[in-house]
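Per the numbering used here, residue 467 is the first one in the sequence shown, and the count goes up by one each step.
Just below is one structure, and these are the notes that go with it.
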Amino acid sequence: MKIGMIGLGRMGANMVRRLMKDGHECVVHNRSQGPVEQMVSEGAIGSIDLNDFISRLETPRVIWMMVPAATVDAMIEKVSPFLERGDILIDGGNSYYKDDIQRSQDLAEKG
């Protein structure tokens, strides 16, 4: 399975490593390129921006966000224009679960 990972801090980078170890292809994106380059050197597929990131994923896309809780809504705003029906967006950070329920409902209304 090809999985997209946004956010390559300690948790995101380690999750990419585990996913690749289990045979998954990982496309990675981060606000700074250093962590992307590190993950590419370990076998991930890098991206230079969100458009490039999305274009490297197959539909239906699986996008896993490992970003701080305070930035989840902003990241969803950036990613949602690229999403299509059937895509899966995972908030893997430490957000309050009721916030994610509302986000899920909001995204479902958009299709």
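We put the beta carbon where it would ideally sit given N, CA and C, even for glycine.
Cβ shell of residue i (< 8 Å), same chain only, five flanking positions each side left out
i: residue 544; result: 516
Exposed unless 16 or more other CB atoms sit within 10 angstroms - verdict on residue i
i: residue 557; result: buried
i: residue 500; result: exposed
i: residue 536; result: exposed
i: residue 559; result: buried
Proximity to residue i [Cα-Cα], best of the options
i: residue 524; options: 531, 541, 537 and 554; result: 554
i: residue 477; options: 491, 526, 496 and 551; result: 496
i: residue 507; options: 567, 521 and 483; result: 483
i: residue 479; options: 573, 526, 530 and 547; result: 530
Cβ-based neighbour list, residue i, same chain, cut-off 7 Å, excluding 5 preceding and 5 following
i: residue 519; result: 470, 493, 495 and 513
Neighbourhood of residue i by C-beta distance below 6 Å, restricted to the same chain and skipping five residues each side
i: residue 577; result: 551
Min CB distance residue i to chain B below 8 Å
i: residue 567; result: The displayed structure is made up of one protein chain only, and chain B is not part of it.
Cβ contact (3+ pairs, closer than 8 Å) linking the stretch 508–524 and the stretch 467–486: Yes, they touch.
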